[in-house]
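Take 1395 as the starting number for the sequence shown in our numbering and just add one per residue.
Just so you know, even glycine gets a beta-carbon here, dropped at the ideal spot from N, CA and C.
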Amino acid sequence: MKAFVMKEIGQVGLVEKPMPQPGPLDAVVRTTAALICTSDSHTVKGGIGPRENLTLGHEAVGTVHEVGSEVKDFRRGDRVLVGAITPDWGDLASQNGYPAQSGGPLGGFKFANSKDGVFAEYFHVNEADANLAKIPDTVSDEMAVYCADMLSTGFMGAENGDIPIGGTVAVLAQGPVGLMATAGAKLRGAGLVIGVESVPSRQELARAYGADEIVDFTKEDVVERVLELTQGQGVDTAIEALGANVTFQTAVKITKPGGTISNTGYYGEGEFVNIPRVEWGVGMADKTIATGLCPGGRLRMERLLRILEAKRLDPTQMTTHTFSFDDMERAFEVADKKLEDVVKVLITF
Ligand SMILES: [Zn+2]
1395 MKAFVMKEIG QVGLVEKPMP QPGPLDAVVR TTAALICTSD SHTVKGGIGP RENLTLGHEA
1455 VGTVHEVGSE VKDFRRGDRV LVGAITPDWG DLASQNGYPA QSGGPLGGFK FANSKDGVFA
1515 EYFHVNEADA NLAKIPDTVS DEMAVYCADM LSTGFMGAEN GDIPIGGTVA VLAQGPVGLM
1575 ATAGAKLRGA GLVIGVESVP SRQELARAYG ADEIVDFTKE DVVERVLELT QGQGVDTAIE
1635 ALGANVTFQT AVKITKPGGT ISNTGYYGEG EFVNIPRVEW GVGMADKTIA TGLCPGGRLR
1695 MERLLRILEA KRLDPTQMTT HTFSFDDMER AFEVADKKLE DVVKVLITF
């Protein structure tokens, strides 16, 4: 089968690989649609260390090709979504309520990390009954594939942010995860959602997904403007959706005492992330910093699919580019170099 791999740090390409085989609890899925993620670029740049011929990608849907002998609820031909994070559900971290951390810190992140990812004609899924979800007939592949990471991570930003109904929220950066955090904040009942973003097309999407106000950091001071919009109080929840030291610091500064800084960002460089001492109330301002990795698993995916089935949200507005798998090298270049105002690149198989 064909697979799109990271040959070594900084080098990608299409190669031939053998078909994966399922263990007794596992499944092999034939890929029908996938999305390229910013973290695929982080990985190719060496973010998780060196890898050799590792298949990239962690956002995909497909049809079940083969299941192991112990799989109960899925059979060949089922249309399925698989979360970007595929935990080991029997692990102690899972039993403790943190399945994304099963098998060690961030251990649920297996695709394109500790095993081959989904940019291939077929891919392997561990613990199929716990990690696959059937896609309802009324939900297209393109809609469903957004649940794997974008909805799951973005909504986590809102959920971990503990947003009060009618509360105030700022979402720092309106990339695809930030956009889904914006949508999540609206779904959670925020009374004011502020989107921080400078790119006009992303500002427009932010408004479409529920931002009431846009703050352009290239034109105004974000801290001043957010304080102005909240009568000097700061927001109940600041969601960091970029993964940069400066944005994280802004998030701490604009959060009111008692509020929550909810992080979804991936900090790909530097030794430290700094907390601004004074605005942190010298460590005593009752500001909570919440962190998390994209939640995975069947229950999570079924809930996200229900949001799409009920037409609460249309994530496909984020698809700016579509390529066939044969054009994967060009597709990756567009996503990696952020060409042509790209937001999300859809791959069809
Ligand atoms: Zn992703």
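Chain-ordered list of residues that sit, by beta carbon, closer than 6 Å to a heavy atom of ligand 1: 1431, 1433, 1452, 1453, 1478 and 1543
Coarse secondary structure for residue 1469, derived from DSSP in three states: The count along the sequence shown starts at 1 and reaches residue 1469 at position 75. Coil.
Helix, strand or coil at residue 1708 according to DSSP, with G and I counted as helix: Position 314 of the sequence shown, counted from the start, is the residue given in the question as residue 1708. In the structure shown, residue 1708 sits in coil (DSSP, three-state: anything other than H, G, I, E or B).
Spatial distance of residue 1513 from residue 1414 (CA atoms): Residue mapping note: residue 1513 aligns to position 119 of the sequence shown, counting from 1. Residue mapping note: residue 1414 aligns to position 20 of the sequence shown, counting from 1. Approximately 13 Å between the Cα atoms of the pair.
Range of the contiguous alpha helix (DSSP H) that encloses residue 1507: Translated into the one-based positions of the sequence shown, residue 1507 becomes position 113. No alpha helix (DSSP H) contains residue 1507, which DSSP labels as neither H nor E.
Reduced DSSP category for residue 1582 - H, G, I as helix; E, B as strand; rest coil: Working through the sequence shown from its first residue, we reach residue 1582 at position 188. Coil at residue 1582, not helix or strand.
Those residues which DSSP pairs with residue 1456 across a bridge: By one-based count along the sequence shown, residue 1456 stands at place 62. Its beta-bridge partners are 1425 and 1474.
Residue nearest to residue 1608 in terms of C-alpha spacing, selected from 1568, 1574 and 1634: Translated into the one-based positions of the sequence shown, residue 1608 becomes position 214. Ranking 1568, 1574 and 1634 by Cα distance to residue 1608 puts 1568 first.
Residue 1718, buried or exposed, once every other Cβ within 10 Å from all chains shown has been counted against 16: Numbered from 1 along the sequence shown, position 324 holds the residue referred to as residue 1718. Counting Cβ neighbours within 10 Å, residue 1718 comes out exposed, since fewer than 16 surround it.
Residue 1655, DSSP secondary structure in three states: The residue given as residue 1655 occupies position 261 in the sequence shown. Looking at residue 1655 - three-state DSSP - the assignment turns out to be strand.
Environment of residue 1469 [buried if 16+ CB atoms lie within 10 Å]: Reading the sequence shown from its first residue, position 75 is the one you call residue 1469. Residue 1469 comes out exposed.
9 Å Cβ cutoff met for residue 1603 and residue 1639: Reading the sequence shown from its first residue, position 209 is the one you call residue 1603. Reading the sequence shown from its first residue, position 245 is the one you call residue 1639. Cβ distance not < 9 Å, so residue 1603 and residue 1639 don't count as in contact.
Close beta carbons around residue 1536, own chain, < 7 Å, minus the five adjacent residues each side: Counting from one through the sequence shown, the residue named residue 1536 turns up at place 142. Hits under 7 Å: 1427, 1710, 1713 and 1740.
Under the three-state DSSP convention, the category residue 1463 falls into: Along the sequence shown, one-based indexing puts residue 1463 at 69. Here residue 1463 sits in coil by DSSP.
Residue 1556 to residue 1683 span [Cα, whole Å]: As a working note, residue 1556 is residue 162 in the sequence shown. As a working note, residue 1683 is residue 289 in the sequence shown. Each residue's alpha carbon lies about 11 Å from the other.
9 Å Cβ cutoff met for residue 1472 and residue 1526: Counted from its first residue, the sequence shown places residue 1472 at position 78. Counted from its first residue, the sequence shown places residue 1526 at position 132. Closer than 9 Å, so yes.
Best match in 1706, 1487 and 1720 for proximity to residue 1579 [C-alpha to C-alpha]: Taking the first residue of the sequence shown as position 1, residue 1579 is located at position 185. For residue 1579, the nearest C-alpha among the options comes from 1706.
Distance CB(residue 1501)-CB(residue 1482) smaller than 9 Å: In the sequence shown, counting from the first residue as 1, residue 1501 sits at position 107. In the sequence shown, counting from the first residue as 1, residue 1482 sits at position 88. In contact: residue 1501 and residue 1482 (Cβ atoms closer than 9 Å).
CA-to-CA distance, residue 1695 to residue 1475, given in whole angstroms: Along the sequence shown, read from residue 1 onward, the residue named residue 1475 stands at position 81. Along the sequence shown, read from residue 1 onward, the residue named residue 1695 stands at position 301. Those two C-alpha atoms are separated by around 7 Å.
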